[in-house]
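Participant:
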Ligand SMILES: Nc1ncnc2c1ncn2[C@@H]1O[C@H](COP(=O)(O)OP(=O)(O)OP(=O)(O)O)[C@@H](O)[C@H]1O
Ligand SMILES: [Mg+2]
């Protein structure tokens with residue numbers, strides 16, 4: 004009997020306005036992995052997002068992450084087949100790369116028969132991803148605050164308030180994270196830094212059960228406007244939504260726009276060429292099931 008491992012891992016939105024490189028929110032949009040050990044190499048099948056685009060060999064991000072996880076756990080699994088059923092769109096600011104990495108690491112724990120160590124997964128995933136904000140939310144669920152400590156990824160999870168939802172507006176086009184980062188200045192006015200620190204602290208309160216503070220708490224002066232040249236339509240949508248009283252932010256490095264709020268919020272239909280996803284907050288982060296298979 005082989006031990007088949009199934010993994011479900013959530014999409015995430017990072018930054019949330021003022022929490023640049025620190026805040027993350029896990030969303031109820033998922034990639035699923037089925038890993039069956041056997042043989043010596045890998046066989047990869049992808050259905051959904053990334054199908055026909057991502058490599059199907061050892062360089063596949065999930066495969067690399069499974070290998071890294073097995074190595075960290077000192078577990079021997081020479082070969083496996085991997086089926087990816089992906090709902091998280093790629094390159095849109097919804098944390099698909101973090102989900103692939105956290106999902107792969109969690110699968111390694113399942114294959115090794117070791118109980119998930121979520122803090123260790125944040126650490127390992129940060130090494131692969133390069134920054135901890137999305138991987139933290141994918142690994143821990145809920146609302147996360149992430150940082151690095153002497154280069155190691157760390158995070159705490161906070162319980163988001165009940166009835167919080169996220170409406171994601173996702174355009175057809177992608178924006179390279181590198182391009183979006185390149186637009187940020189090296190120096191910012193002290194007043195802007197101070198405003199963001201205050202808003203970020205306020206956002207912790209807003210997300211922890213004070214939704215009436217969300218509009219003010221999602222104001223940002225450190226990154227969103229600087230990135231307008233890379234995603235003018237996203238910024239225009241943020242301005243339009245905020246103008247009608249909806250707390251909209253750029254999700255991660257964009258170009259997705261996320262509206263936070265309660266179920267009664269009056270989020271409008273998507274602009275032409277955009278898709279609207281009505282999402283809840285994933286409370287638990289990555290999940291793994293191991294089962295016997297013939
Ligand atoms: N499920 C996956 N399987 C394999 N490779 C993936 C997967 N998800 C992401 N990738 C790789 O990561 C790339 C997308 O990463 P990128 O960081 O640019 O976007 P994102 O993670 O969707 O958005 P963001 O990091 O802004 O939230 C894809 O082009 C692909 O190479
Ligand atoms: Mg990414």
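Numbering (this note's numbering), first residue to last: 4 to 297.
Cβ coordinates follow ideal geometry from the N, Cα and C atoms, glycine included.
1. Where does residue 131 sit, in a helix, a strand or coil, going by DSSP?
2. Measuring alpha carbon to alpha carbon, tell me which of 151, 13 and 19 ends up nearest residue 219.
3. In chain order, what residues of the same chain have a beta carbon less than 6 Å from the beta carbon of residue 290, not counting five sequence neighbours either side?
4. Return yes when at least one heavy atom of ligand 2 lies under 8 Å from the C-beta of residue 101, else no.
5. Using the C-alpha atoms, what's the distance from residue 259 back to residue 42?
6. From this set, 208, 239, 180 and 247, which residue's C-alpha is nearest residue 94's C-alpha?
7. Is residue 203 close to ligand 1? I mean its beta-carbon at under 8 Å from any heavy atom of the ligand.
8. Let me know the secondary structure DSSP gives residue 156 once reduced to three states.
9. May I ask you to check if the CB of residue 98 is nearer than 8 Å to at least one heavy atom of ligand 2?
10. Determine the extent of the beta strand (DSSP E) in which residue 176 is found, giving its start and end residues.
11. Taking only three categories from DSSP, how would you classify residue 7?
12. With a threshold of 16 other CB atoms inside 10 Å of the CB of residue 4, please say whether the residue is buried or exposed.
13. Should the segment 220-232 be regarded as contacting the segment 126-134, the criterion being three or more beta carbon pairs within less than 8 Å?
14. Rank 111, 270 and 227 by C-alpha distance to the C-alpha of residue 38 and give the top, closest one.
15. Residue 76: buried (16+ other C-beta within 10 angstroms of its C-beta) or exposed?
16. Under the three-state reduction of DSSP, which class applies to residue 50: helix, strand or coil?
17. DSSP state of residue 168, grouped into three classes?
18. For residue 262, count the other beta carbons within 10 Å of its own beta carbon; 16 or more makes it buried, fewer makes it exposed. Which is it?
19. Grab the span of the alpha helix (DSSP H) containing residue 235 for me, first residue to last.
20. Note down, in chain order, each residue of its chain lying with its Cβ closer than 8 Å to the Cβ of residue 118, except the 5 sequence neighbours on either side.
21. If you measure from the CB of residue 137, is any heavy atom of ligand 1 nearer than 8 Å?
Facilitator: To lay it out plainly:
1. helix
2. 19
3. 11
4. yes
5. 40 Å
6. 180
7. no
8. strand
9. yes
10. From DSSP, residue 176 is part of no beta strand (DSSP E); its letter is neither H nor E.
11. strand
12. Its pLDDT being 47, under 50, residue 4 is placed unreliably in this model, and the coordinates cannot settle the point.
13. no
14. 111
15. buried
16. strand
17. strand
18. buried
19. 235-246
20. 112
21. yes
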